[in-house]
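Enquirer:
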Amino acid sequence: MRPVYLDNNATTMVAPEVREAILPLLEDEYGNPSSMHGLGGRSGKLLSEAREKIAAGLGCSPSEIIFTSCGTEGDNTAIHSAIESQPDKKHIITTRVEHPAVLNVAKHLERKGYDITLLGVDSEGRMDLDQLRDSIRPDTALVSVMYANNESGVISPIEEMVEITKERGVLFHTDAVQAVGKIPLDLKKLAVDYLVLSGHKIHAPKGVGVLFLRRNTPFRPFMLGGHQELGRRGGTENIPGIVGLGVAMDLAVNHIEEENTRVRAMRDRLEKGLMATIPDAMVNGFEASRLPNTLSIAFKYIEGEAMLLLLDQFGICASSGSACTSGSLEPSHVLRAMGVPFTYAHGSLRFSLSVYNTDEDIDLVLKELPPIISRLREFSPFRRGDEGLDWVEDH
Amino acid sequence: MWEYTDKLKEHFLNPKNSGTIDDADAVGEVGSLSCGDALRLFLKIDDEGRIEDAKFQTFGCASAIASSSVLTEMVKGMTVEEAEKVTNKDIAEALGGLPKEKMHCSVMGQEALEDAIRRYRGLDAVPAPEGEIVCKCFGVTDVQIKHAVVENKLTTVEEVTNFTKAGGGCEDCHGRIKELIDEIRFGVTELKPVIEKPAKLTNIKRFQLVTQTIDEEIRPALHKDGGDIELIDIEGTVVIVSLRGACVGCPSSGVTLKDFVERRLKETVEDAITVREA
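First to last, the protein sequences are chains F and W. So for the first sequence, the working numbering puts the first residue at 6; every next one is plus one. So for the second sequence, the working numbering puts the first residue at 601; every next one is plus one.
1. So that I know if they touch, is there some Cβ in chain W lying closer than 9 Å to that of phenylalanine 387 of chain F?
2. Can you list, in chain order, the stretches of the beta strand (DSSP E) that have 3 or more residues and sit fully within the stretch 698 to 779 of chain W?
3. Determine the closest residue to valine 102 of chain F out of F/Gly290, F/Tyr349 and F/Ala196, with distance taken between C-alpha atoms.
4. Distance check for aspartate 772 of chain W and proline 793 of chain W, CA to CA, integer angstroms please.
5. Between proline 376 of chain F and chain W, is there a C-beta pair that is closer than 9 Å?
6. For a contact defined as C-beta to C-beta under 7 Å, what are the partners of proline 336 of chain F on chain W?
7. Could you have a look at isoleucine 59 of chain F and say whether DSSP puts it in helix, strand or coil?
8. I'd like the list of long-range same chain contacts for proline 67 of chain F, defined as Cβ closer than 7 Å, with 5 residues on each side in sequence excluded.
9. Using the Cα positions of alanine 638 of chain W and glutamate 310 of chain F, report the straight-line distance between them to the nearest angstrom.
10. Report the neighbours of proline 615 of chain W on chain F: residues whose CB is nearer than 8 Å to its CB, in chain order.
11. At the 9 Å Cβ level, is glutamate 310 of chain F part of the contact set with chain W, yes or no?
12. Just tell me which of F/Glu168, F/Ile307, F/Ala342 and F/Val159 has its CA closest to the CA of leucine 137 of chain F.
13. Any Cβ of chain F within less than 9 Å of the Cβ of glutamate 629 of chain W?
14. I'd like the list of long-range same chain contacts for glutamate 164 of chain F, defined as Cβ closer than 7 Å, with 5 residues on each side in sequence excluded.
15. Rounding to the nearest angstrom, what Cα-Cα distance links glutamate 234 of chain F and phenylalanine 217 of chain F in this structure?
16. Leucine 827 of chain W lies in the beta strand (DSSP E); which residues open and close that run?
17. Reducing DSSP to helix, strand and coil, say where lysine 655 of chain W ends up.
18. Mapping the DSSP letters down to three states, classify glutamate 648 of chain W as helix, strand or coil.
19. Would you mind working out which of W/Pro820, W/Val707 and W/Val680 sits nearest glutamate 830 of chain W, comparing C-alpha positions?
20. Under a three-way DSSP split, which group does serine 357 of chain F fall into?
21. Who are glycine 628 of chain W's beta bridge partners in DSSP?
22. Do you know how far the Cα of valine 841 of chain W is from the Cα of leucine 801 of chain W?
23. Between the alpha carbons of glycine 3 of chain F and glutamate 779 of chain W, how many angstroms are there, rounded?
24. Quick check: the Cα distance between glycine 826 of chain W and isoleucine 834 of chain W, rounded to an integer number of angstroms?
25. Select from the stretch 648 to 676 of chain W all residues with a C-beta closer than 8 Å to any C-beta belonging to chain F, and list them in chain order.
26. Report yes or no: do three or more beta-carbon pairs, one from the stretch 43 to 55 of chain F and one from the stretch 196 to 206 of chain F, lie closer than 8 Å?
27. Taking valine 397 of chain F as the query, report the chain W residues whose CB atoms sit under 7 Å from its CB, ordered along the chain.
28. Does phenylalanine 612 of chain W come within less than 9 Å of chain F when only Cβ atoms are used?
29. In chain F, what lies closer than 8 Å to glycine 731 of chain W by C-beta?
30. Which parts of the stretch 187 to 263 of chain F are runs of the alpha helix (DSSP H), unbroken and 4 residues or longer, counting only runs that do not cross its ends?
31. Indicate whether at least one CB of chain W lies closer than 9 Å to the CB of tyrosine 10 of chain F.
32. Cβ of tyrosine 199 of chain F less than 9 Å from any chain W Cβ?
33. Identify, in the order they occur along the chain, each residue of the same chain with its Cβ nearer than 7 Å to the Cβ of asparagine 37 of chain F, setting aside the five sequence neighbours on each side.
34. Can you give me the start and stop residues for the beta strand (DSSP E) that valine 838 of chain W sits inside?
35. List the residues of chain W whose Cβ lies closer than 7 Å to the Cβ of isoleucine 163 of chain F, in chain order.
36. When you compare only the Cα positions, how much space is there between tyrosine 35 of chain F and histidine 104 of chain F?
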């Protein structure tokens with residue numbers, strides 16, 4: 006049975022064109038691009054071609070592309086680079102809704118004596134430009150703000166934030182893992198210093214990513230090793246992954262319009278259908294500008310993991326911000342930062358679509374999810390109008 | 601994705617006894633909004649004190665629903681006295697096991713049963729736990745943590761979190777939880793050197809200090825758990841020992857050697873000490 010895959014913000018299927026491009030590299034074309042022989046030379050050529058494709062897709066120069074293993078490595082490299090190149094500056098600004106690849110680095114740096122300012126968001130997940138403006142200090146080394154949120158899909162006002170930051174001469178990094186391929190992006194117009202993307206979010210395989218490093222931006226290598234990537238990232242390049250990412254970037258650029266028309270229409274139909282048939286539901290970030298593929302929706306009185314497992318019975322793949330799916334004891338930090346009440350936050354589901362989804366996928370969710378929710382609500386101790394929460398601890 | 605047993609999946613997909621009992625003789629209620637689980641347990645008890653019927657309402661994940669379902673199956677037909685002996689371990693075992701991160705779901709079942717039985721006996725709801733609040737995020741006290749450590753033979757902070765939720769939030773209390781584990785397992789609260797450490801150790805002096813620490817502190821602590829330790833040899837700064845008694849074959853013996861024996865010897869003899877089992 007083909008899964009109804011609606012978890013594309015977690016990872017994506019490898020596109021058929023990407024798979025086709027990679028397969029020869031797993032068979033006969035296995036050369037090391039640093040090697041001085043024909044096999045290596047062919048790999049080197051493929052590496053250069055992929056770099057050019059990705060640079061073209063982002064609107065930058067090929068020399069501004071550093072291949073990494075994933076988004077997390079890109080984020081870590083950018084942040085460490087910014088602070089190590091400015092040792093006198095001990096202040097970093099980021100947000101409460103970042104991915105752990107940024108938040109956990111910030112926590113780590115805080116333990117090492119850095120001062121961290123975490124910008125908040127409003128109930129719709131939107132950021133406050135004045136808060137950023139007021140937070141920048143003479144010793145601010147870096148502002149790091151994600152381009153679009155992986156859970157809510159809310160898009161940050163990056164252009165304005167970059168402008169405010171640049172006026173004060175501070176470096177700017179953005180984790181654009183969720184934005185690339187879903188909304189138009191042109192680094193000729195967007196003056197970020199560092200930008201990170203991840204291959205497996207745009208139909209390339211796992212294990213490859215990109216750190217965009219604007220020319221003349223301070224840089225310190227995070228991974229020390231050989232001369233690869235102009236000495237900026239040691240380690241033999243993942244040629245199959247990089248070639249796949251090159252093809253995936255081409256596809257992503259070509260699919261932008263479809264993402265913003267057909268995919269958006271499917272997402273909107275799903276959202277409206279669920280809101281119309283299921284009472285006590287709430288769209289997280291409803292009023293905000295959101296990615297066209299993402300729907301974060303919360304259902305009161307029930308818990309997310311139970312919904313996911315019952316959806317899985319029908320081959321429907323989604324994800325949840327409930328605590329129980331992560332092994333943590335608290336629900337999604339993003340939903341909590343938005344002030345979503347616990348009873349909704351635990352009952353959240355995230356549907357994230359791609360161009361490979363069909364109207365039939367949406368029909369199936371609209372058919373199967375309402376009875377699942379009714380069933381779980383039947384044995385919930387909480388009820389509409391009689392929530393009976395007085396006996397439950399509310400820490 | 602969690603690895604759930606077939607038994608757990610069956611109880612989640614087809615829960616037994618969900619719903620309410622209108623004329624219940626006892627209702628137990630427990631839950632926490634932040635952790636996203638809550639359980640209301642209904643018991644119908646006959647004149648002989650035997651549980652005739654049990655039903656549940658649960659807000660929570662698959663483990664919470666399955667734990668509630670299997671609990672109601674277990675207690676039906678039991679006397680109240682028998683039911684009050686049901687532990688979270690019994691609930692987990694009845695499901696064929698729970699992922700370690702989900703053990704608190706079985707604890708919730710036990711607590712709801714305890715609450716219901718108290719109410720059946722005309723007592724108030726389970727009183728606020730005694731002791732000093734250790735985990736402020738989840739309001740867990742030192743008494744609750746010690747109880748969980750003893751009952752379930754817990755040896756790590758992670759295990760304590762899995763069973764009690766303590767330490768699952770901001771993590772500020774992890775140090776205190778570790779101290780409580782040591783207190784239970786080794787009978788010591790704060791390890792302070794009782795032997796003055798000389799600036800430079802000769803082999804003879806090192807041997808004397810190691811022997812003295814083992815005889816006066818480590819062995820008596822292990823005796824409390826039915827275990828023992830024998831000093832086999834000292835090669836430079838490597839102390840070779842052999843565990844005896846209940847420590848032999850104990851799954852936590854590695855933790856005992858590293859976190860207790862070696863740590864204590866580092867404090868009383870010298871930092872370079874490492875402990876190896878013969």
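Glycine residues also receive a C-beta, built at the ideal position from the N, C-alpha and C atoms.
Expert: In short:
1. yes
2. The stretch 698 to 779 of chain W contains, as complete beta strand (DSSP E) runs of 3+ residues, the segments 733 to 735 (chain order).
3. If you compare the alpha carbons of F/Gly290, F/Tyr349 and F/Ala196 with that of valine 102 of chain F, the shortest gap goes to F/Gly290.
4. Unreliable placement is indicated for proline 793 of chain W, whose pLDDT of 47 sits below 50; the coordinate value is still reported in the next sentence. Distance between the alpha carbons of proline 793 of chain W and aspartate 772 of chain W is about 26 Å.
5. no
6. Gly636
7. helix
8. Arg56, Glu57 and Ala60
9. 14 Å
10. Phe384
11. Yes, its Cβ sits closer than 9 Å to a Cβ of chain W.
12. Nearest to leucine 137 of chain F by alpha-carbon distance, out of F/Glu168, F/Ile307, F/Ala342 and F/Val159, is F/Glu168.
13. yes
14. Contacts found: Leu195.
15. Near 12 Å, if we compare the C-alpha coordinates of phenylalanine 217 of chain F and glutamate 234 of chain F.
16. The identity of residue 827 of chain W in the sequence shown is glycine, whereas the question assumes leucine. Taken as a continuous stretch (DSSP letters only), the beta strand (DSSP E) holding glycine 827 of chain W covers 827 to 835.
17. In the structure shown, lysine 655 of chain W adopts extended strand secondary structure according to DSSP, grouped into three states.
18. coil
19. W/Pro820
20. Annotated three-state conformation of serine 357 of chain F is strand, per DSSP.
21. W/Leu641
22. 20 Å
23. An answer regarding residue 3 of chain F cannot be provided, because it is not within the stretch 6 to 400 covered by chain F.
24. 25 Å
25. Contact residues of the stretch 648 to 676 of chain W toward chain F are Phe656, Gln657, Thr658, Phe659, Gly660, Cys661, Ala662, Ser663, Ala664 and Ile665 (C-beta to C-beta distance below 8 Å).
26. No, the stretch 43 to 55 of chain F does not touch the stretch 196 to 206 of chain F.
27. For valine 397 of chain F, the C-beta contacts it makes with chain W under 7 Å involve Gly631, Ser632, Leu633 and Ala638, in order along the chain.
28. yes
29. The premise fails here: glycine 731 of chain W is roughly 17 Å from chain F at the closest Cβ pair, so nothing lies under 8 Å.
30. 244 to 263
31. no
32. no
33. Gly45, Ser48 and Thr241
34. 838 to 845
35. Those within 7 Å of isoleucine 163 of chain F in chain W number zero; the least Cβ separation is about 30 Å.
36. 34 Å
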